[in-house]
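Below is one structure, written out as structure tokens; the observations come after it.
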Amino acid sequence: MLLNLFTTSHASWFLNGRLPRWQGLADYFSLDLKNVRIIWLLFPARLDYSSFSGVCPVIRIRPNQLHFNDPQAFEIIYGSSTNFTKFSPFYNCFHDRQSSFGFADQPLAQDRRDTLSPFFSRQNVVELETIVHRSVDRLTSALNAHSGLEPRPANIYLALSSTALEIVTSFCLGCPFNALDYAEFKHPALLALLSSAGVYFFLQHFPFLIPLAFHIPQWLQTPEMQAVQILFKDIEDRVDTFLASPSSLKDAGHETIFHHLINSKSDRGIPTKRSILDEASAMIATGIDAISNTCSVGIFHVLNNPAIRIRLIKELEEAWPEKSTRVGVETLENYLTWRTAVIKESLRFSHGFVSPLPRVVQEDVVIGKAFVPAGTVVAMGHSFIHNSPEIFPDPLSFNPDRWLAGDKSKALDKFLVAFSKGPRMCLGMNLAWCELYLIFGNLFRKLDMQLYNTTESDFDFKAYLTPVYADYLHILVRN
């Protein structure tokens with residue numbers, strides 16, 4: 172696994188085994204990094220987390236930044252009582268500074284969350300779940316079209332990404348983008364969005380290029396770039412209409428984030444057009460990766476383990492005897508405990524965000540056993556929690572049973588941090604769970620799938636904001 176903990180400009184300090192002094196952090200640079208941590212920079216391979224457990228609970232990774240490997244530290248940095256702010260230089264490259272994800276200032280972010288939380292409540296998600304059903308049904312039909320006497324391999328990662336894009340644009344924006352209609356799930360806009368992860372991290376190190384990257388002249392744009400522009404132009408036109416005539420929201424078909432933003436009761440008033448578009452952009456980006464990565468990882472491990480697969484299908488058949496009918500998310504959630512355990516293990520394996528999400532300490536504080544002066548940037552990657560052998564024994568084994576051990580398993584829930592924690596945790600978590608329940612339920616109840624030219628090594632990943640896997644998951648659907 173490759174951890175992007177270091178910028179190019181700091182690589183020389185890392186390779187030479189020294190960093191400049193900064194606000195009393197020199198004491199944290201006491202380990203021989205030349206012999207050990209160079210692996211993180213050079214090789215996108217699985218990291219043996221057990222070798223770091225208890226050895227280096229905190230290391231200095233940049234002149235003013237510390238990375239922790241301590242569950243207690245994770246709670247302090249990201250938990251509900253934190254007042255740490257987001258580190259703007261990390262987040263600015265995503266070009267959504269005025270969104271719930273991009274706001275560095277905690278009061279601004281909380282105000283936006285207060286505005287949008289009713290839309291993403293469990294009650295509202297259940298009321299609008301037919302929108303999710305519609306796209307999941309389209310996914311199932313599209314994959315089933317690959318079956319027959321001579322079944323064609325299906326790139327299910329792209330299929331899942333197309334589905335997630337359809338759901339987020341339909342459910343959140345009321346602006347359905349039918350990516351599943353495209354041959355082999357290769358809509359150019361989707362391909363452009365999926366290929367942008369490395370670009371964002373490049374822009375982190377060269378922030379002066381950000382305005383250029385997002386304003387490329389049309390004659391220099393690839394077809395994929397132009398397709399993304401068409402997608403966001405449709406959204407912008409929709410926002411323009413609603414801002415010019417808020418009463419037109421009643422014609423939107425169903426409630427969307429625009430209803431809550433434009434009819435906001437916040438003391439700050441109606442968000443600017445730029446802020447509304449940033450919110451839409453952030454939801455699209457995070458909504459695609461979270462679902463496609465989690466489902467791909469889970470589907471692979473279920474298909475790769477006959478015992479897990481048989482048990483999952485048996486549970487689905489008992490709770491869902493007539494597969495031609497729709498089953499609601501509440502039924503799937505309440506009566507399918509093994510399937511829920513499979514999803515939790517899929518979330519643990521896919522991590523959500525894998526790049527450590529940096530926060531700025533506002534005043535001197537003790538994190539774990541480390542004194543951290545005000546102004547220091549601190550972070551801890553989700554994967555250090557999910558792959559901790561002290562928390563999850565045999566962490567590299569896909570074992571849904573670990574979530575079905577009574578009180579012991581309930582204690583594990585607080586360490587499932589794929590949606591992060593605290594005041595900046597994923598706003599759309601209820602929607603994501605709805606998607607995961609319906610996708611896993613429908614695919615394994617209605618389709619007979621098998622792996623095609625995919626192995627576990629294809630899930631080695633580079634740690635951009637979210638995992639970028641070595642190859643896509645492919646399946647065959649048998650008739």
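Start counting the sequence shown at 172; every next residue gets the next number (my numbering). Glycine included, C-beta positions come from ideal geometry on N, C-alpha and C.
A550 is bridged by DSSP to H238. Separation of I646 and N326 (C-alpha to C-alpha, rounded to the nearest whole angstrom) is 7 angstroms. Going by beta carbons, V500 and W491 fall outside the 8 angstroms limit.
For Q269, the three-state secondary structure derived from DSSP is coil. Taking C-beta atoms under 8 angstroms as the contact rule, I538 and A244 qualify, at a distance of about 5 angstroms. Around the CB of L320, fewer than 16 other CB atoms lie within 10 Å, so the residue is classed as exposed. By the CB criterion at 8 angstroms, F429 and V410 fall inside the cutoff.
Its chain contains no residue whose beta carbon lies nearer than 8 angstroms to that of P477 once the 5 sequence neighbours on both sides are disregarded.
In the DSSP assignment, L279 falls within the alpha helix (DSSP H) that extends over 277-287. In this structure, L518 is the residue among K579, S288, L518 with its C-alpha nearest to the C-alpha of F590. Distances from the alpha-carbon of M596 to those of V543, E534, Y353, I248 put I248 closest. Each residue's CA atom was taken as its position, placing R283 and D449 some 12 angstroms apart. Around the Cβ of A582, a 10 Å sphere holds fewer than 16 other Cβ atoms; the residue is exposed. With the rule of 3 Cβ pairs closer than 8 angstroms, the stretch 556-575 does not count as touching the stretch 252-271. Taking R530 as the centre and dropping the five residues before and after it, the same chain places the C-beta of I248, Y249, T253, F255, T256, K257, F258, V548, V549, A550 closer than 8 angstroms to its C-beta, in chain order. Between V588 and I562, the C-beta gap is not smaller than 8 angstroms, which leaves the two residues out of contact. Annotation for D405: the continuous alpha helix (DSSP H) segment containing it runs 394-415. Inclusion of S463 and Y328 in the CB contact set at 8 angstroms is warranted, their separation being smaller than that value.
Spatial neighbours of G458 in its own chain (CB-CB distance under 6 angstroms, excluding positions within 5 residues in sequence) are listed in chain order as A335, V339. Under the three-state reduction of DSSP output, I441 falls in the coil class, being neither helix nor strand.
Counting C-beta atoms within 10 angstroms of its own C-beta, N505 has fewer than 16 neighbours from the protein chains shown and is therefore classed as exposed. Spanning the alpha carbons of E488 and L636 requires a straight line of approximately 37 angstroms. Assignment of beta-bridge partners to V500 by DSSP yields no partner. Along the stretch 508-540, the alpha helix (DSSP H) occurs as fully enclosed runs of 4 or more residues at 508-521, listed in sequence order. Taking 8 angstroms as the upper bound for CB-CB distance, F342 and V303 are in contact here, some 7 angstroms apart. G599 is positioned such that its CB atom lies no closer than 8 angstroms to that of M396.
F632 sits in a strand when the DSSP states are folded into three classes.
For N315, same chain residues with a beta-carbon under 7 angstroms away, outside a window of 5 residues either side, are L618, V648 in chain order. Less than 8 angstroms separates the beta-carbon of F632 from that of V639.
Taking 4 residues as the shortest admissible run, the stretch 423-473 contains the following complete alpha helix (DSSP H) segments, listed from N- to C-terminal end: 428-433. When secondary structure is reduced to three states using DSSP, M596 falls in the coil class, being assigned neither helix nor strand.
Residue burial annotation: G577 is exposed, with fewer than 16 other C-beta atoms found within 10 angstroms of its C-beta. Leaving aside the five residues that flank V399 on each side, the residues in its chain whose CB is nearer than 6 angstroms to its CB run, in chain order, A360, A363. By the neighbour-count criterion, in which 16 or more other beta carbons inside 10 Å mark a residue as buried, T301 falls on the exposed side. Distance check between S416 and each of I433, L528, P324 places I433 closest, using alpha-carbon atoms only.
T427 is classed as buried because its beta carbon has at least 16 other beta carbons within 10 Å across all chains shown.
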